[in-house]
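Going by our numbering, the residue at position 49 of the sequence shown is 394; the numbering climbs one at a time, nothing skipped.
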Amino acid sequence: MSAAIRCQRHSNLERCNLKKINLLYSVAFALNFFSGITPSLAQDREYTEFRTILMQALLSEEGTASGRLVGQMAEGVMNKTGSSDPIALEVTTLHRFKQPGCKRLNLRMTQNNVLAKDGGKTELVVNYGLNLCPDGSPPSEGMDLSNVGKYLRGLERE
């Protein structure tokens, strides 16, 4: 039975997917280690979505990940910016929460030779911060759950 089928039958699909991701990272690390690939080549990793690089940084001991955006998302950005230059991604950890595995991450996206309003070219830099836990939810640290409950009860009345 394949891992995909086992995960579909698994009661917690998200946990199962994270276990598969951890296994893939372990295998990739071992291959890199034993093949003598230098860490600088890690910047050549390609990502088709932001979620993958965010989870990689979240699960790494260093709390970082980097690479470049490719595929449909990259094409969409390139169409908006008017630049065909590669889109660099870098995720860093800004804060580690008390809740195990939860971090405040910063996703930095950069692209050179972006068309400016004045007709020239400039560098696009976008920073996006978010609080994230391994299960995909935000950490509960700092949340006032009584206010959340009041808000949700208010929505039920509408």
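Glycine residues also receive a C-beta, built at the ideal position from the N, C-alpha and C atoms.
Given the structure is predicted, the values throughout are model-derived calculations rather than measurements.
Relative to N458, the option among A433, L403, S411 and T397 whose CA is nearest is A433. Here R413 is near E391, since their CB atoms are less than 8 Å apart. Inside the stretch 448 to 474, DSSP marks whole beta strand (DSSP E) runs of 3 or more residues at positions 448 to 460, from first to last along the chain.
Annotation for G412: the continuous beta strand (DSSP E) segment containing it runs A410 to L414. F442 sits close to E486, with the two beta carbons spaced by under 8 Å.
Just measuring C-alpha positions, the residue of P431, R453 and R396 sitting nearest G474 is R453.
Rounded to the nearest whole angstrom, the C-alpha separation of R396 and R449 is 14 Å. Boundaries of the beta strand (DSSP E) around R441: I432 to R441. The beta carbon of Q401 is closer than 6 Å to those of A410 in its chain, skipping five residues each way along the sequence.
With respect to L404, V436 sits apart: the two C-beta atoms are not nearer than 8 Å. In this structure, the beta-carbon distance from G446 to P479 falls below 8 Å.
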